[in-house]
Amino acid sequence: MGNISGHVEDQNMEGLPLLRDVTRMILDSDIIEDPKIVVAKHKVTEFRHPKELESPHSHYKFQNFDELNRNSKVFSIASGGSMANMYGMSLGRFHVNPSVKTKGIRGLPPLTCFISEEAHYSVKKGALFLGLGTDSVILVPTDSQGRMLPDELEKAILKSKSEGNVPFFVCATTGTTVLGAYDPLKPLSDICKRHNMWLHVDGAWGGATIFSRTHRKLLDGVDRVDSITIDLHKMSGVPFQCTVFLTRHKGILYKCNALHAEYLFQPDTYYDTHYDLGDESIQCSRKVDCLKLWIAWKARGSLGLEKQVDTAFAMAKYLAEKVRTTEGFIPVLPEFECTNICFWYVPPSLRGKEKEPDFWDKIAKVAPAIKGLAVKDGTMLISYQPLKSRNWVNFFRVIVHCIPTLTEEHMDNIISLVQKYGEKL
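Here it is as structure tokens:
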């Protein structure tokens, strides 16, 4: 896997003994007192090489981050998915016109980028900070599951070109925020190749499926994209914050971002400047977020990370089935791709009144009311929201994470508590 803090290379990893020593110092500190985890401490500090992170019982070659893209040589740690998505947009802009680094966007035709109508707001935030403006972000319709429609994307690109714009960037999503949808990467990559556009993937939520041989198929085509964001602090449960940004274009982070500050980035040092990655990033001073991923991977192993994902999907499937078969619960979709389980709850007082004109207005108040009662009792905290793109009123949105490990009992408890508080409405 290589140096998690930046470049992925197949060298002797001279810089990592320091990381090993820092890890041992942390684990040997007074913070850790519990004798039950002494074995885990030794497991973490028995450092050999990141490519040997598999469980000793594993006899297969696990698909690591650097194998997401066969030509990939570089990845970086970013301070959150929003920043990583902005990295992708910035690289896409540089890729289509490198002069933007020195001359800015003055004199250029308007640049446009494309996301699905279910995409995260961070892409619009990136357009705002990159000087493109939020109007440059064009929303593409989705199918019934919430996935971007490739034909609609191509229509939008051609329309934008006909208006004198330069389409430069598409952000697909693998695991949308609300419905957990996975955009179809293969047809989207074909479209981007035809139009010479940068294809970035926001895998902040659903990108963790790369660890699972069972669910990795949801990322089919990821080897053809230009860059991807994965938030390890989300589904994978690595301590907040820890975001990985990968690109298949070696050297482009440096070309796009480097400014060669002489007081800081000096070539005549006594160490290998290969490990000095500050000039490639937007930020200068940063926390050592990569250490969180390194320790988590060492502690759990590749099979452990895989088991986490598989368990989360199994529990989400269990909850979805409970929602489908329990009176009063209405799933918003017939099937869910990720571990987002979304549903309406019809309390006993509203059952049989579905044809009344104010039925859905009343349903819109149910989720907020139940959440309020649960929070006051301290029993449960789950999210709810409307989905304006589909004219859906407030519904519950249960997100099944890997950490802490959830069980069928937890899922049953969600159903029971919703019923309990719903009876009071």
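Start counting the sequence shown at 135; every next residue gets the next number (the working numbering).
Here a beta-carbon is modelled for each residue, glycine too, at the ideal position from N, C-alpha and C.
Is it buried or exposed, residue i, if we count other Cβ atoms within 10 angstroms and call 16 or more buried?
i: Gly309; result: buried
i: Ser256; result: buried
i: Asp354; result: exposed
i: Gly260; result: buried
i: Pro301; result: buried
i: Thr268; result: exposed
i: Leu515; result: exposed
i: Ser270; result: buried
i: Asp106; result: Because the chain spans 135 through 559 in this model, residue 106 falls outside it and cannot be assessed.
i: Thr459; result: exposed
i: Val356; result: buried
i: Gly341; result: buried
i: Asp365; result: buried
i: Glu252; result: buried
i: Val422; result: exposed
i: Lys327; result: exposed
i: Thr348; result: exposed
i: Ser224; result: buried
i: Thr541; result: exposed
i: Ser294; result: buried
i: Thr363; result: buried
i: Ser296; result: exposed
i: Thr343; result: buried
i: Arg182; result: Note that Arg182 has pLDDT 42, beneath the 50 cutoff, so the model's placement of it is unreliable and the number below is only indicative. Exposed: under 16 other Cβ atoms inside 10 Å.
i: Glu469; result: exposed
Taking the alpha-carbon positions, what's the residue i to residue j distance?
i: Leu551; j: Trp494; result: 22 Å
i: Asp360; j: Lys235; result: 19 Å
i: Pro465; j: Trp526; result: 12 Å
i: Phe303; j: Ile386; result: 16 Å
i: Ala430; j: Val372; result: 7 Å
i: Lys320; j: Ser419; result: 37 Å
i: Ile272; j: Phe248; result: 5 Å
i: Ile325; j: Pro284; result: 8 Å
i: Lys451; j: Gly222; result: 32 Å
i: Trp332; j: Leu322; result: 11 Å
i: Asp317; j: Leu292; result: 20 Å
i: Lys258; j: Lys351; result: 28 Å
i: Leu245; j: Glu490; result: 48 Å
i: Glu543; j: Asn299; result: 54 Å
i: Ala218; j: Val274; result: 21 Å
i: Gln400; j: Leu439; result: 38 Å
i: Phe228; j: Cys424; result: 26 Å
i: Leu484; j: Leu559; result: 9 Å
i: Phe477; j: Leu507; result: 18 Å
i: Leu467; j: Pro232; result: 43 Å
i: Ala75; j: Tyr518; result: Within the shown structure, residues of the chain are numbered from 135 to 559, placing residue 75 beyond reach of any answer.
i: Phe530; j: Tyr479; result: 8 Å
i: Met369; j: Val532; result: 13 Å
i: Phe345; j: Ser436; result: 7 Å
What residue range does the alpha helix (DSSP H) around residue i cover?
i: His334; result: That residue, His334, is in no alpha helix (DSSP H); its beta strand (DSSP E) goes 332–336.
i: Pro321; result: 319–328
i: Val372; result: Counting along the chain, Val372 falls outside any alpha helix (DSSP H), and DSSP gives it neither H nor E.
i: Phe447; result: 424–459
i: Val234; result: 234–237
i: Ser296; result: 284–296
i: Val509; result: 500–511
i: Leu91; result: Lying before the first or after the last residue shown, residue 91 is absent from the chain, which here runs from 135 to 559.
i: Phe93; result: Because the chain spans 135 through 559 in this model, residue 93 falls outside it and cannot be assessed.
i: Val378; result: Counting along the chain, Val378 falls outside any alpha helix (DSSP H), though it belongs to the beta strand (DSSP E) covering 377–381.
i: Val257; result: 256–263
Would you kindly report the start and end of the unbroken beta strand (DSSP E) that includes residue i?
i: Ile533; result: 526–533
i: Val274; result: 271–274
i: Leu245; result: 245–250
i: Asp546; result: Run containing Asp546: none in the beta strand (DSSP E); it sits in the alpha helix (DSSP H), 542–556.
i: Pro465; result: 463–465
i: Ile362; result: 361–365
i: Trp478; result: 474–479
i: Phe303; result: 300–307
i: Ser517; result: 517–521
Please tell me whether, using a cut-off of 6 Å, the distance from the CB of residue i to the nearest non-hydrogen atom of the ligand GDP is below it.
i: Ile416; result: Of ligands this structure carries none, so the ligand GDP is not represented either.
*asked:* Does the contact criterion of 3 or more C-beta pairs under 8 Å hold for the stretch 495–511 versus the stretch 323–337?
replied: no
*Counting Cβ pairs closer than 8 Å, one from the stretch 434–448 and one from the stretch 266–280, do we hit at least three?*
no
_Between the stretch 239–253 and the stretch 373–382, can you find at least three pairs of beta-carbon atoms closer than 8 Å?_
no
*Counting Cβ pairs, one atom from each stretch, are 3 or more of them under 8 Å apart for the stretch 522–538 and the stretch 472–481?*
yes
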